[in-house]
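Student: Right, I'll just put the structure down here and ask away after.
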Amino acid sequence: MDDKSRAPVTVIGLGLMGQALAEALLSAGHPTTVWNRTSAKVDRLVAKGARRAPSEGHALDASPLTIICVTDYRAVRSILGAGERALDGATLVNLTSGSSDQARETAHWAQQRGARYLDGAIMAVPPAIGTPEAVILQAGRAEDLEAHEPTLRALGTITHLGANHGLAALYDSAGLAMMWSVLNAWLQGTALLRTVGVDAATYAPFAQQIAVEVAGWLPGYAEQIDADRFPAEVSALETDVRAMEHLIEESEAAGVSTQLPRMIKAMADRAIAAGHGGEQYPVMIEEFSTPS
4 MDDKSRAPVT VIGLGLMGQA LAEALLSAGH PTTVWNRTSA KVDRLVAKGA RRAPSEGHAL
64 DASPLTIICV TDYRAVRSIL GAGERALDGA TLVNLTSGSS DQARETAHWA QQRGARYLDG
124 AIMAVPPAIG TPEAVILQAG RAEDLEAHEP TLRALGTITH LGANHGLAAL YDSAGLAMMW
184 SVLNAWLQGT ALLRTVGVDA ATYAPFAQQI AVEVAGWLPG YAEQIDADRF PAEVSALETD
244 VRAMEHLIEE SEAAGVSTQL PRMIKAMADR AIAAGHGGEQ YPVMIEEFST PS
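Note that our numbering numbers the sequence shown so that position 46 is 49, with each residue one more than the last.
Right, here's the structure in full:
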């Protein structure tokens with residue numbers, strides 16, 4: 004085992020995710036220093052072999068790499084900037100959730116204080132940390148990531164998105180849009196079927212099959228969006244709108260909410276009014292790209 008595979012690392016922030024990060028690093032053999040505003044969460048990790056830092060300053064000084072996973076970006080800057088300390092020589096990997104603007108601002112703030120900075124997003128739940136299923140998105144300079152990638156791989160699958168520090172936060176938000184859209188569509192269908200006694204467990208496998216099939220359309224639709232050409236190879240938007248009307252009518256008749264299908268149809272109606280009725284569904288990207 005080489006030096007990089009046992010490189011020391013610090014973890015600041017020990018919520019459920021922070022604890023999972025520290026445990027994965029310990030399991031991979033990394034000397035791991037931990038710090039948290041409340042010490043009770045530190046005790047559990049110290050019992051597993053972690054080193055306790057008496058202060059945030061000691062935590063930062065203990066390792067060349069510090070991973071931060073706290074409540075928000077305000078907390079990040081409060082912890083790192085205590086006493087307006089310099090961060091010369093430190094590499095910071097911030098896995099705190101926030102906006103892309105906050106990520107870029109924090110990167111600039113950290114770099115002004117001498118730190119190398121990577122902003123990340125964790126596309127996993129705490130129990131998955133330390134397995135290949137845990138995807139850790141990273142944004143920032145490639146050379147800063149490469150210097151510590153052997154350590155970071157203990158957390159999961161590391162994916163570098165580019166030098167723009169806001170990219171990980173943007174991918175995270177895009178993923179949330181997918182997640183909630185899929186779940187809301189499933190809930191709409193479940194609400195419909197429950198009115199005739201079909202339970203959610205019965206509908207779920209059918210819905211899952213539909214979701215997988217629709218996901219398979221994405222690469223082809225992406226080509227249309229990138230080429231800005233939307234030939235109706237499968238169905239024209241004006242045909243899709245008739246199906247949307249059917250969903251609204253069915254929902255009304257069943258006595259369930261029509262809010263979601265009406266919102267979708269309203270966007271499609273605007274696209275058709277703009278002259279896109281004969282094009283394929285991805286032409287709706289213009290509706291999603293326009294501020295409401």
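All C-beta atoms, glycine included, are put in the ideal place defined by N, C-alpha and C.
Let me know the secondary structure DSSP gives glycine 16 once reduced to three states.
Tutor: Reduced to three states, the DSSP call for glycine 16 is coil.
Student: Please state the DSSP three-state secondary structure of aspartate 5.
Tutor: At aspartate 5 the pLDDT is 48, less than 50, meaning the model places this residue with poor confidence and gives no usable figure here.
Student: Please state whether the Cβ-Cβ distance between alanine 142 and alanine 171 is less than 9 Å.
Tutor: Their beta carbons are under 9 Å apart, which means alanine 142 touches alanine 171 by this criterion.
Student: Do you know offhand how far leucine 221's Cα is from threonine 261's?
Tutor: Those two C-alpha atoms are separated by around 26 Å.
Student: At the level of alpha carbons, what is the spacing between arginine 54 and threonine 134?
Tutor: Those two C-alpha atoms are separated by around 23 Å.
Student: Between leucine 16 and arginine 88, what straight-line distance do the alpha-carbon atoms span, to the nearest angstrom?
Tutor: With the sequence shown as reference, residue 16 is identified as glycine, and leucine is not the correct amino acid for it. Going from the Cα of glycine 16 to the Cα of arginine 88 covers about 19 Å.
Student: Does the region 14-31 come into contact with the region 69-77, if we say contact requires no fewer than three beta-carbon pairs (one atom in each stretch) closer than 8 Å?
Tutor: Yes, they touch.
Student: Taking 9 Å as the threshold (C-beta atoms), are leucine 240 and methionine 287 in contact?
Tutor: Yes. Within cutoff.
Student: Does the separation of the CB atoms of isoleucine 139 and threonine 154 fall below 9 Å?
Tutor: It is not a contact, given that the beta carbons lie outside the stated cut-off.
Student: CA-CA distance, serine 184 and alanine 177?
Tutor: Using only the alpha carbons, I get a separation of about 11 Å.
Student: Looking only at its own chain, which residues have a Cβ that is under 8 Å from the Cβ of isoleucine 302, when we skip the five neighbours before and after it?
Tutor: Any property of residue 302 remains undetermined from this structure, which presents the chain solely from 4 to 295.
Student: Can you round the beta-carbon distance between leucine 28 and glycine 52 to whole angstroms, since I take them to be within the 8 Å contact cut?
Tutor: Incorrect: roughly 10 Å between the Cβ atoms, too far for contact.
Student: Taking all protein chains shown into account, do 16 or more other C-beta atoms lie within 10 angstroms of the C-beta of proline 264, making it buried, or fewer, making it exposed?
Tutor: Buried.
Student: Within 8 Å, do at least three Cβ pairs link the region 89-101 to the region 32-49?
Tutor: No, they do not touch.
Student: Could you check whether the region 44-51 touches the region 104-112, counting it as contact only if at least three pairs of C-beta atoms, one from each stretch, sit closer than 8 Å?
Tutor: Verdict: no, contact absent.
Student: Can you give me the start and stop residues for the beta strand (DSSP E) that threonine 69 sits inside?
Tutor: Segment 68-71, the beta strand (DSSP E) holding threonine 69.
Student: Decide if leucine 148 is buried, meaning its Cβ has at least 16 other Cβ atoms within 10 Å, or exposed.
Tutor: So leucine 148 counts as buried.
Student: Quick test of your reading: threonine 99 and tyrosine 120, contact by CB under 8 Å. State the CB separation rounded to the nearest angstrom.
Tutor: With a Cβ gap of about 12 Å, threonine 99 and tyrosine 120 do not count as contacting.
Student: I'd like the list of long-range same chain contacts for alanine 210, defined as Cβ closer than 7 Å, with 5 residues on each side in sequence excluded.
Tutor: If we look at alanine 210 and ignore the five residues flanking it on each side, its Cβ neighbours are Trp189, Gly192.
Student: Taking all protein chains shown into account, do 16 or more other C-beta atoms lie within 10 angstroms of the C-beta of leucine 179, making it buried, or fewer, making it exposed?
Tutor: So leucine 179 ends up on the exposed side.
Student: Kindly indicate which residue of Glu282, Gln115, Ala78, Thr13 has the alpha-carbon position closest to the one of valine 244.
Tutor: It is Glu282 whose Cα lies nearest to the Cα of valine 244.
Student: Helix or strand or just coil, what does DSSP make of glycine 32?
Tutor: DSSP places glycine 32 in coil when its eight states are reduced to three.
Student: For the beta strand (DSSP E) containing alanine 142, list its first residue and its last residue.
Tutor: Start and end: 138-142.
Student: Secondary structure at isoleucine 61, three-state DSSP: helix, strand or coil?
Tutor: The sequence given here has histidine at residue 61, not isoleucine. Helix at histidine 61.
Student: Can you look up alanine 124 in the DSSP assignment and give me helix, strand or coil?
Tutor: Correct three-state label for alanine 124: strand.
Student: Which residue wins for smallest C-alpha separation from threonine 237, given the options Glu108, Ser81, Pro285, Ala257?
Tutor: Residue identity differs from the one stated: residue 237 is valine in this sequence, not threonine. Minimum Cα distance to valine 237 is reached at Pro285.
Student: Is it buried or exposed, threonine 35, if we count other Cβ atoms within 10 angstroms and call 16 or more buried?
Tutor: The residue in question, threonine 35, is buried, as its Cβ has 16 or more Cβ neighbours within 10 Å.
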